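**Student:**
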């Protein structure tokens with residue numbers, strides 16, 4: 088119980104409450120995209136661009152205790168994008184279940200919330216160039232004998248509702264039982280309580296969860312590399328080409344002048360030291 092209490096305190100400090108293109112992560116069914124629009128003109132008129140981001144998923148985006156604004160890798164990334172578009176960034180919290188709906192309704196202009204670009208999703212929304220790639224793995228308690236996805240038959244795995252990881256686990260480990268939660272911190276707590284035998288998501292998210300567990304004195308470890316891989320990209324309403332192209336231009340400029348590498352090193356240098364290489368198209372007519 089003492090460990091769980093400490094964990095809760097550590098999570099409060101990290102949050103307000105939880106991919107290089109290759110074959111990999113399966114699509115999530117049921118997403119519906121919006122119609123073609125031109126958000127760029129509206130964004131320039133109001134001088135503000137609204138990003139749907141995570142508030143509970145360090146190190147991508149989270150709000151620490153006593154803070155009012157999110158911090159993280161994706162937050163720094165889109166703040167720099169907004170700067171290059173010469174507008175102010177605004178952040179709205181989203182999660183895997185509501186991010187596309189918030190995009191369709193116009194509540195946000197861009198999804199930047201650990202969203203994996205898949206072919207199924209590309210039929211519903213448009214995507215930017217990928218800006219990160221990660222490997223789905225497992226996190227287990229320190230004394231666990233589980234080291235591979237092949238050992239999950241009859242075991243319980245904690246996931247977040249609406250995440251791509253669930254469809255991957257159902258394919259790779261059909262004998263596993265899935266527990267779905269609203270956030271990654273609550274999924275982690277289920278692992279530490281013993282309700283789940285493992286948590287499965289990408290290394291980036293698992294790293295943030297492990298940091299919280301370590302601070303609480305709980306022993307966990309990340310295992311089973313290579314379950315699936317996939318690219319993270321920003322999402323736009325279907326047909327919102329002007330905004331997508333402006334964001335891509337900003338991302339490519341950041342890759343060319345070293346800004347992306349500096350942001351990457353700040354958040355990932357100790358965990359994933361080799362920076363992701365954003366595709367840069369040649370300039371000119």
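In the working numbering, the protein residues as written are 88 to 372.
Glycine included, every Cβ here is placed at the ideal spot set by N, Cα and C.
All values derive from a computational prediction rather than experimental measurement.
1. Please work out which residues of its chain come closer than 7 Å, Cβ to Cβ, to residue 259, disregarding the five sequence neighbours upstream and downstream, and give them in chain order.
2. For residue 300, I'd like the list of residues in its chain whose CB is within less than 6 Å of its CB, leaving aside the five on either flank, ordered along the chain.
3. Between residue 174 and residue 135, is the Cβ-Cβ spacing less than 7 Å?
4. Check whether the Cβ atoms of residue 140 and residue 153 sit closer than 7 Å, and answer yes or no.
5. Below 8 Å, how does it come out for the region 236 to 245 and the region 275 to 291: are there three or more Cβ pairs, yes or no?
6. Look up residue 149 in the DSSP assignment and give the residues it is bridged to.
7. Considering only C-alpha positions, which residue in the set 227, 207, 364 is nearest to residue 309?
8. By alpha-carbon positions, which one of 358, 371, 366 ends up nearest to residue 221?
9. Per DSSP, which one or two residues make a beta bridge with residue 288?
10. By how many angstroms is the C-alpha of residue 197 removed from the C-alpha of residue 130?
11. Kindly identify the DSSP beta-bridge partner or partners of residue 213.
12. Should the region 250 to 259 be called in touch with the region 314 to 326, which here means at least 3 C-beta pairs below 8 Å?
13. Taking the continuous alpha helix (DSSP H) assigned at residue 246, which residues delimit it?
14. Based on the DSSP output, what are the partners of residue 309 in its beta bridges?
15. Could you work out which residue in 366, 338, 294 is closest to residue 163 when comparing CA atoms only?
16. DSSP on residue 197, reduced to helix/strand/coil?
17. How long is the line joining the alpha carbons of residue 125 and residue 172, rounded to whole angstroms?
18. For residue 136, which of helix, strand or coil comes out of DSSP?
19. Is the beta carbon of residue 219 less than 7 Å from the beta carbon of residue 319?
20. Short check: CB of residue 137 to CB of residue 215, under 7 Å?
21. Could you name the residues of the same chain whose beta carbon sits closer than 7 Å to that of residue 118, not counting the 5 residues immediately before and after it, in chain order?
22. As a quick exercise: from 229, 261, 270, 321, pick the residue whose alpha carbon is nearest that of residue 281.
**Tutor:** Taking the structure as given:
1. Here the set comprises 236, 314.
2. Within the same chain, and ignoring the five residues on either side of residue 300 in sequence, the residues whose Cβ sits closer than 6 Å to its Cβ are 307.
3. Closer than 7 Å, so yes.
4. The answer is no: Cβ separation not under 7 Å.
5. Enough Cβ pairs lie closer than 8 Å, so yes.
6. Paired residues: 143, 158.
7. Nearest C-alpha to residue 309: 227.
8. Per the C-alpha coordinates, the member of 358, 371, 366 positioned closest to residue 221 is 358.
9. Paired residue(s): 224.
10. Those two C-alpha atoms are separated by around 11 Å.
11. Answer is 323.
12. Note that the region 250 to 259 touches the region 314 to 326; at least 3 beta-carbon pairs, one per stretch, sit closer than 8 Å.
13. Where residue 246 is concerned, there is no enclosing alpha helix (DSSP H), although the beta strand (DSSP E) around it starts and stops at 243 to 247.
14. Bridge partners of residue 309: 226.
15. Residue 338 is the option with its Cα nearest to residue 163.
16. Strand, per DSSP.
17. Cα-Cα distance, rounded: 15 Å.
18. When secondary structure is reduced to three states using DSSP, residue 136 falls in the strand class.
19. Taking the C-beta atoms as reference points, residue 319 is found nearer than 7 Å to residue 219.
20. Their beta carbons are not under 7 Å apart, which means residue 137 does not touch residue 215 by this criterion.
21. Confidence in residue 118 is poor, its pLDDT being 38 and thus under 50, which makes the residue's placement unreliable; the coordinate value appears in the next sentence. Once the five neighbours on either side are set aside, the close Cβ partners of residue 118 are 187, 208, 211.
22. Residue 281 has its Cα closest to that of 229, out of 229, 261, 270, 321.
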